[in-house]
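Each residue of the sequence shown is one higher than the last, beginning at 10 in the working numbering. Backbone N, C-alpha and C define an ideal beta-carbon position, used for all residues, glycine too.
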Amino acid sequence: MATYTFTGRVVSPNGTPIALADVEVFERASLTSDVRKALVQTDTAGSYVASWMQTATPPPWDLFVRATYSGESVDSALVSDPTEAPVHVDLVLGSGPYRGLTEWERITNSIQSLVVGTAIADIQPDRLEWLARRADVFPTHLAAYVQAYRLSDSRTVEATTCYACLRAGSLPNCRSS
Numbered sequence: 010m011a012t013y014t015f016t017g018r019v020v021s022p023n024g025t026p027i028a029l030a031d032v033e034v035f036e037r038a039s040l041t042s043d044v045r046k047a048l049v050q051t052d053t054a055g056s057y058v059a060s061w062m063q064t065a066t067p068p069p070w071d072l073f074v075r076a077t078y079s080g081e082s083v084d085s086a087l088v089s090d091p092t093e094a095p096v097h098v099d100l101v102l103g104s105g106p107y108r109g110l111t112e113w114e115r116i117t118n119s120i121q122s123l124v125v126g127t128a129i130a131d132i133q134p135d136r137l138e139w140l141a142r143r144a145d146v147f148p149t150h151l152a153a154y155v156q157a158y159r160l161s162d163s164r165t166v167e168a169t170t171c172y173a174c175l176r177a178g179s180l181p182n183c184r185s186s
């Protein structure tokens, strides 16, 4: 008996994860019918893992993934003969071109549930490595993110501008108001 697994993420055109989207894996059985192989929901990060077992290795077959949320759906391209496991299929659900998240937005989204009640500028240096691991953020990017908030605190320059300067390798000229 063989086990087949599809993994991936479902995101909106701006790159934010879509939680609780229905994800189905179908086999294209004929010109007019598809057979559902698996049905799962995405987690809060928009990730899914869909697995099923086959009693026998099928002949050449075509599979596709469908994500559905709030009345919208999107199908992946056909995956023929998925011999490498797991098969990774990411989907963008929604209208418009895919823009994705900026590095700043990705860090913000990754750490927000871990820093509830703490001002970003108040995150201590000895906690950066821990937070970076928990949030799955590159540590030097997180350090620059925190430093950007510290530099912008009580100044007219926004943290996003300070972050861009820090990531570009220059020190922002953040004068006090």
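Check the DSSP bridge columns for Gly17 and list the partner residues they point to. Tyr57
Buried or exposed for Arg108, going by 16 or more other Cβ atoms inside 10 Å? exposed
Pairwise C-alpha distance: Thr12 and Ala173: 46 angstroms
Using DSSP with H/G/I as helix, E/B as strand and the rest coil, what is Ser186? Its pLDDT being 47, under 50, Ser186 is placed unreliably by the model, and the measurement read from it follows with that caveat. Coil at Ser186, not helix or strand.
Taking the C-alpha atoms as reference points, what is the distance between Cys171 and Ser163? 13 angstroms
What residue does the beta strand (DSSP E) around Gln50 start on, and which one ends it? 43-50
Assign Ser119 to one of three DSSP states: helix, strand, or coil. helix
I need the boundaries of the alpha helix (DSSP H) containing Arg142, first residue and last residue. 137-144
Tell whether a beta-carbon distance below 7 angstroms holds between Val101 and Ser85. no
Give me the residue from Pro134, Leu160, Ser161 with the minimum Cα distance to Thr149. Pro134
Between which two residues does the beta strand (DSSP E) containing Ser82 stretch? 81-84
Could you say which of Thr77, Ser60, Leu72 lies nearest to Met10 if we only look at CA atoms? Ser60
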